[in-house]
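1 is the number of the first residue of the sequence shown in UniProt numbering; add one for each residue after it.
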Amino acid sequence: MQRSRWCPSPKPKLALSAQEAHLVKIWIENQDEIREILERALVGRLGVIAGGEPYIVPLNYVYAGGRIYFHTGLEGRKFEGIGGDRPACFEVDELLEIVPNEQACLYTAYYRSVIIMGKTRLLEDENEKMRALEFLLKKYTGAVPVEPPPVHALAIVNVCEITPDRITAKANLPATEPG
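In structure tokens form, the structure reads like this:
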């Protein structure tokens, strides 16, 4: 039997070679590292049930005070799936490097990712909405001075908060050299 260049070993191995060691996924349990990933990522993906179907949408967001905040319109699929303590899933990732290899099974990517399972709530209090929007502005504009939205504009936007029930994070990183 000839071995494929796609998957060089037809038998499962109990130990990985040095070349294969980069395939091991690491669960991230350090809360500071998880927080940093959530604060650094620029785009998150929101997963909800809308119209009876799973729906995922990329969006701008901010992680502040242990919660996720994002804004949305007054209607649409995303709006249908949020609020009222409806469950949601939220994901961010950092692609660090694509690692090519002549063998397809050893081609990989180094990354970090975080998944949050939680409940969504539409903010109704104007002060809460404004505070969340200011967090978003600060994240995406940085040091550029931007005036906050006028209070009357709060009537034409929804701001949603995700309160995490569970947060998991993992990474696929290069193996470190011993010693």
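The beta carbon of each residue, even a glycine, is placed where N, CA and C say it ideally should be. From a predicted model like this one, the values you see are computed outputs, not experimental measurements.
- Here the C-alpha atom of R67 lies approximately 42 Å from the C-alpha atom of E102.
- Close CB contacts of Y140 within its chain, under the 7 Å cut and outside five residues either way in sequence, are with N60 (chain order).
- Beta-carbon to beta-carbon, A171 and R112 are separated by about 4 Å, close enough to satisfy the 8 Å threshold.
- Inter-segment contact for the segment 31 to 38 and the segment 141 to 153 is absent: fewer than three beta-carbon pairs are separated by less than 8 Å.
- In the DSSP assignment, N127 falls within the alpha helix (DSSP H) that extends over 126 to 141.
- The Cβ neighbour count for L38, taken over all protein chains shown within 10 Å, is at least 16; the residue is labelled buried.
- Judged by DSSP in its simplified three-state form, E161 adopts strand.
- Bounds of any beta strand (DSSP E) do not take in I34; it lies within the alpha helix (DSSP H) bounded by 31 to 40.
- Beyond the five residues adjoining it in sequence on each side, K25 comes within less than 6 Å, by CB distance, of K170, N172 in the same chain, given in chain order.
- G51 counts as exposed, since fewer than 16 other beta carbons sit within 10 angstroms of its beta carbon.
- The straight-line gap separating the alpha-carbon atoms of G47 and P54 is approximately 7 Å.
- The residue from A104, D85, G81, D93 with its alpha-carbon nearest to that of D165 is D85.
- In the DSSP assignment, L95 is bridged to Y111.
- Here K78 has V57, T72 as same chain residues with Cβ atoms under 6 Å from its own Cβ, once five neighbours each way along the sequence are excluded.
- When secondary structure is reduced to three states using DSSP, K25 falls in the coil class, being assigned neither helix nor strand.
- Beta-bridge analysis with DSSP links L59 to G44.
- In the three-state reduction of the DSSP assignment, R86 falls in the coil class, being assigned neither a helical nor a strand state.
- Residue pairing for E53: DSSP places it in a beta bridge opposite A50.
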